[in-house]
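Peer 1: Those protein sequences? They're chains A and B, same order as listed. Just so you know, my numbering puts 293 at position 293 of the first sequence, and the rest follows in order with no gaps. So the mapping is simple: my numbering equals the position in the second sequence, first residue as 1, plus 316. Each residue gets a CB set at the ideal place from its N, CA and C atoms; glycine is no exception. Treat the numbers as computed from the prediction; the structure is a model and nothing was measured.
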Amino acid sequence: MKQDKSEGRTLTEVVKDLEEQQKKNKVVNPIVQQVMEQVAAVQTRMGRIKHKIAVMSGKGGVGKSSVTVNLANSFAARGYKVGILDVDLSGPCIPKMMGVRERALKITAEGAQPAVGLNGIKVASMELMLPNEDSPVMWKGLWEDSAVWRGTVEMSVIREFISDVNWGPLDLLLIDMPPASSDKPPIISQMIPDLDGAVIVTIPSEISQFIVKKSVVFLNRELHIPIIGLIENMSGAICPHCGEALELFEDASPGESSLQKMGLPLLGRVPFDRRIAGCADHGRSFVDDHPLTPAAQAFRIITDTLQQHIESRRSS
Amino acid sequence: MKFLCIKCNNFMDYESKEQVDTLRLGITFACTQCGYKVAMVTNPGETQLVSGLGVKIGGRTVPAEPMEFTREALKPEGQSTATMTADMGKCPFPAMLAGSAFKDSGIAAGLSGASSEPAVRWTENAEKRLQNVPSFVRSLARAGIEQYARDNGFAEVNDRVMDEYREKVGM
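1. Based on DSSP bridge pairs, tell me the residues matched to C347 (chain B).
2. State yes or no: is the beta carbon of Q364 (chain B) nearer than 9 Å to at least one beta carbon in chain A?
3. When you compare the CB of E334 (chain B) with every CB in chain A, is at least one pair closer than 9 Å?
4. On the DSSP letters alone, give me the boundaries of the beta strand (DSSP E) that S208 (chain A) sits inside.
5. Smallest Cα separation from D194 (chain A): which of A:A277, A:L89 and A:I53?
6. With respect to the beta strand (DSSP E) encompassing M356 (chain B), which residues constitute its N-terminal and C-terminal limits?
7. If we ignore side chains and look at the alpha-carbon of each, how far apart do Q21 (chain A) and H224 (chain A) end up?
8. What is the DSSP secondary structure of Q335 (chain B), counted as helix, strand or coil?
9. From which residue to which residue does the alpha helix (DSSP H) around I188 (chain A) run?
10. Can a CB atom of chain A be found closer than 9 Å to the CB of E462 (chain B)?
11. Just to check my reading of the structure: G236 (chain A) and E247 (chain A) have Cβ atoms closer than 8 Å, yes? What is that Cβ distance to the nearest angstrom?
12. Measuring CB atoms only, is the segment 269 to 288 of chain A touching the segment 62 to 70 of chain A, in the sense that at least three cross pairs come out at less than 8 Å?
13. Against E381 (chain B), what residues of chain A qualify as contacts under a CB-to-CB distance less than 8 Å, listed in chain order?
14. Closest to A442 (chain B) by CA distance: which of B:G469, B:G361 and B:E480 is it?
15. Just the Cα atoms here: how many angstroms apart are E127 (chain A) and F299 (chain A)?
16. For R159 (chain A), decide whether its Cβ has a neighbour in chain B, counting only Cβ atoms nearer than 9 Å.
17. Under 6 Å Cβ to Cβ from R101 (chain A), same chain only, skipping five residues before and after it: list those, please.
18. Does DSSP put S431 (chain B) in a helix, a strand or coil?
19. Quick check on R376 (chain B): does DSSP put it in helix, strand or coil?
20. In the structure shown, what three-state DSSP assignment does P271 (chain A) receive?
21. So, D86 (chain A) versus P179 (chain A), is the Cβ gap smaller than 9 Å?
22. If you compare alpha carbons, which of B:Q349, B:F319, B:T363 and B:G368 is closest to N29 (chain A)?
23. Note down the Cα distance separating S66 (chain A) from S285 (chain A), rounded to an integer number of angstroms.
24. Check the DSSP bridge columns for S125 (chain A) and list the partner residues they point to.
25. So, is G268 (chain A) buried or exposed, given that buried needs 16 or more other C-beta atoms within 10 angstroms?
26. Rank A:R313, A:S315, A:S312 and A:Q307 by C-alpha distance to the C-alpha of R78 (chain A) and give the top, closest one.
27. Along the alpha helix (DSSP H) that carries I302 (chain A), what are the first and last residues, could you check?
28. Going straight from the alpha carbon of A380 (chain B) to that of G361 (chain B), what length do you get?
29. Which residues in chain B sit within 8 Å of S156 (chain A), going by Cβ to Cβ distance?
30. If you drop the 5 nearest sequence neighbours on each side, which residues of the same chain put their C-beta closer than 7 Å to that of Q209 (chain A)?
31. Leaving out five residues on either side along the sequence, give the residues of the same chain with a beta carbon under 7 Å from the beta carbon of F409 (chain B).
32. Please go through the same chain and pick out, in chain order, the residues whose beta-carbon is closer than 7 Å to the beta-carbon of A355 (chain B), but skip the five residues on each side of it.
33. Closer than 8 Å by beta-carbon distance: list the chain A residues that pair up with Y330 (chain B), in chain order.
34. Within the 9 Å Cβ cut-off, does L320 (chain B) reach chain A?
35. Hey, is M262 (chain A)'s beta-carbon within less than 9 Å of any beta-carbon in chain B?
36. Using 10 angstroms around the beta-carbon of D196 (chain A), count the other beta-carbons present and answer buried if the total reaches 16, otherwise exposed.
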């Protein structure tokens with residue numbers, strides 16, 4: 001290091017002394033100060049929510065959002081104050097499923113007020129900031145051309161959804177994640193360090209489980225997000241005409257899946273029921289409208305297990 | 317980043333900032349002991365990343381509004397890329413400036429949408445040539461070329477403007 005001739009000290013020594021002085025005088029860089037304020041805002045907002053569970057899968061099209069809304073309705077039926085944060089910025093479908101597509105996030109001095117849907121469930125989503133049903137999410141400026149910069153923007157947008165939405169006190173926040181295994185989970189794990197864990201959704205196809213395994217390893221080993229368990233969605237179906245049970249996927253076997261062999265607890269199997277999609281399309285609650293169906297029962301069993309998990313975690 | 321005044325062994329303080337052109341900021345720092353000043357001109361890409369954090373250079377003068385960054389970053393529907401570059405709604409830098417001479421001068425208001433700067437047309441061939449620029453820096457290049465055209469009295473980006481700009485930036 002070049003010598004600082006004026007005092008005979010190296011530049012490193014000078015900088016360290018100055019930084020020490022700044023620390024004593026509590027001088028903070030304005031950029032760092034703002035980042036610290038952002039972190040504090042996230043902590044304050046999340047501190048009012050007792051439990052946070054992420055609903056994830058490395059694979060798209062397995063029914064994460066559908067599982068999320070049905071779990072939300074099941075928990076709400078038990079008296080939980082529930083919120084859903086839709087982190088799928090480009091394909092946000094929670095508001096439509098929850099019947100609040102027409103509403104917008106209302107900006108007030110206390111924060112952005114989430115839409116309140118079925119069973120009093122609060123919803124925040126990018127969709128609630130778009131003008132029309134067919135409006136795509138597009139970022140303006142230089143961000144629109146670069147995947148690198150877009151990642152930074154989306155991180156800030158997710159951070160605002162976590163810190164700026166005025167959820168009020170909640171018992172449970174379900175975070176509906178997009179089908180990606182690498183970029184959004186680290187944001188969530190960094191911003192919500194007290195996440196109760198993740199629920200992994202898959203379907204009984206080898207391809208799905210092949211991909212989901214990769215995300216499980218990533219979440220658990222790299223991000224240290226606890227995996228609460230596995231939900232096998234579209235796990236068989238009942239023929240609406242003859243009532244016969246049938247497998248939707250050719251090689252689906254009733255035994256342990258490859259994911260269970262990794263040690264993941266199976267929270268439940270939800271059979272395919274086209275009324276689940278019908279309710280989602282019309283913003284209705286499937287578990288409330290069709291409570292006696294095998295799929296609704298499966299959601300209740302899964303909710304039992306999740307409830308035990310989070311309550312035991314809280315008491316411990 | 318910070319600057320050290322070697323003479324005084326003192327960190328320089330942020331003093332002021334201004335928009336150098338559509339893609340770069342000039343930020344001035346001064347030594348609080350001897351008053352010596354230096355200015356840095358930001359690199360567009362790096363500045364872009366900082367602005368992506370939703371922070372204001374020099375600190376905030378007013379607290380952030382709820383969902384402020386998201387609302388500023390969302391592209392209004394129906395606004396094409398070409399329109400965006402012309403009205404500088406594309407440029408995120410005005411949003412980064414936390415109360416400054418730049419803002420007070422009214423330039424920021426112009427850049428944030430209601431631009432007083434004339435829109436620059438693009439010839440078909442110039443558009444075609446722009447497509448040869450890698451996509452992740454294309455917006456930067458487009459804005460830079462348009463600024464060059466405006467600064468030099470061109471109402472249209474054509475082959476001549478493209479050649480001159482290329483010469484200027486040494487590509």
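Peer 2: This is what the structure gives:
1. Against the second sequence, residue 347 (chain B) aligns to sequence position 31. In the DSSP output, where bridge partners are listed per residue, C347 (chain B) has B:M328.
2. Here residue 364 (chain B) refers to the residue found at position 48 of the second sequence. Yes, its Cβ sits closer than 9 Å to a Cβ of chain A.
3. To locate residue 334 (chain B), count along the second sequence from 1; it is residue 18. Taking Cβ atoms only, chain A never reaches closer than 9 Å to E334 (chain B), which makes this a no.
4. Counting from 1 along the first sequence, the entry for residue 208 (chain A) is found at position 208. Element bounds for S208 (chain A): not the beta strand (DSSP E) but the alpha helix (DSSP H), E206 to V217.
5. As a working note, residue 194 (chain A) is residue 194 in the first sequence. Nearest of A:A277, A:L89 and A:I53 to D194 (chain A), Cα basis: A:I53.
6. Taking the first residue of the second sequence as position 1, residue 356 (chain B) is located at position 40. Its beta strand (DSSP E) spans residues K353 to V357.
7. Taking the first sequence and counting its residues from 1, one reaches residue 21 (chain A) at position 21. Taking the first sequence and counting its residues from 1, one reaches residue 224 (chain A) at position 224. Going by the C-alpha atoms only, they are around 37 Å apart.
8. The count along the second sequence starts at 1 and reaches residue 335 (chain B) at position 19. Q335 (chain B) falls in the strand class under three-state DSSP.
9. Walking along the first sequence from the start, residue 188 (chain A) turns up at place 188. Unbroken alpha helix (DSSP H) run through I188 (chain A): K184 to M191.
10. Along the second sequence, read from residue 1 onward, the residue named residue 462 (chain B) stands at position 146. No, its Cβ sits nowhere closer than 9 Å to a Cβ of chain A.
11. Against the first sequence, residue 236 (chain A) aligns to sequence position 236. Against the first sequence, residue 247 (chain A) aligns to sequence position 247. That pair is a contact at about 5 Å.
12. yes
13. By 1-based counting over the second sequence, the position of residue 381 (chain B) is 65. Neighbours of E381 (chain B) on chain A, chain order: I107.
14. Along the second sequence, read from residue 1 onward, the residue named residue 442 (chain B) stands at position 126. Of the listed residues, the one whose Cα sits closest to A442 (chain B) is B:E480.
15. Numbered from its first residue, the first sequence carries residue 127 (chain A) at position 127. Numbered from its first residue, the first sequence carries residue 299 (chain A) at position 299. Spanning the two alpha carbons is a distance of roughly 26 Å.
16. Your numbering for residue 159 (chain A) matches position 159 in the first sequence. R159 (chain A) counts as touching chain B.
17. Sequence index remark: in the first sequence, residue 101 (chain A) carries index 101 (1-based). P95.
18. Locating residue 431 (chain B) in the second sequence gives position 115, counting from the first residue. Bear in mind that a pLDDT of 45 at S431 (chain B), under 50, signals an unreliable position, so the number given afterwards is only what the model happens to contain. S431 (chain B): coil per DSSP, three-state reduction.
19. Your numbering for residue 376 (chain B) matches position 60 in the second sequence. If DSSP states are grouped into helix, strand and coil, R376 (chain B) belongs with coil.
20. Here the question's residue 271 (chain A) lines up with position 271 in the first sequence. Here P271 (chain A) sits in strand by DSSP.
21. Position 86 of the first sequence, counted from the first residue, corresponds to residue 86 (chain A). Position 179 of the first sequence, counted from the first residue, corresponds to residue 179 (chain A). Cβ distance not < 9 Å, so D86 (chain A) and P179 (chain A) don't count as in contact.
22. Along the first sequence, read from residue 1 onward, the residue named residue 29 (chain A) stands at position 29. When each option's Cα is compared against that of N29 (chain A), the closest is B:F319.
23. Residue numbering aside, residue 66 (chain A) sits at position 66 when the first sequence is read from its first letter. Residue numbering aside, residue 285 (chain A) sits at position 285 when the first sequence is read from its first letter. Whole-angstrom Cα-Cα distance: 10 Å.
24. The residue labelled residue 125 (chain A) in the question sits at position 125 within the first sequence. S125 (chain A) is bridged to A:D86.
25. For the purposes of this step, residue 268 (chain A) is taken as the residue at position 268 of the first sequence. It counts as buried.
26. Counting from one through the first sequence, the residue named residue 78 (chain A) turns up at place 78. Cα-wise, what sits closest to R78 (chain A) is A:Q307.
27. Mapped onto the first sequence, residue 302 (chain A) falls at position 302. Here the alpha helix (DSSP H) through I302 (chain A) covers P294 to S315.
28. Along the second sequence, read from residue 1 onward, the residue named residue 380 (chain B) stands at position 64. Along the second sequence, read from residue 1 onward, the residue named residue 361 (chain B) stands at position 45. Taking the straight line joining both Cα atoms gives about 24 Å.
29. Numbered from its first residue, the first sequence carries residue 156 (chain A) at position 156. Those within 8 Å of S156 (chain A) in chain B are G368, L369, G370, F385, T386 and A389.
30. Translated into positions along the first sequence, residue 209 (chain A) becomes position 209. Taken in chain order, the residues that qualify are T202, S257, S258 and L259.
31. Sequence index remark: in the second sequence, residue 409 (chain B) carries index 93 (1-based). Bear in mind that the predicted position of F409 (chain B) carries a pLDDT of just 49, short of 50, making it unreliable; the figure below should be weighed with that in mind. Cβ within range, chain order: Q335, L341, T363 and S367.
32. On the second sequence, position 39 is the one that residue 355 (chain B) refers to. These residues qualify, in order along the chain: G342, I343 and T344.
33. What you label residue 330 (chain B) is simply residue 14 of the second sequence in a count that begins at 1. Residues of chain A passing the Cβ test: P30.
34. Here residue 320 (chain B) is taken as the residue at index 4 of the second sequence, counted from 1. Output row for L320 (chain B): interface = yes.
35. Reading the first sequence from its first residue, position 262 is the one you call residue 262 (chain A). No, no contact with chain B.
36. Position 196 of the first sequence holds residue 196 (chain A). Label assigned to D196 (chain A): buried.
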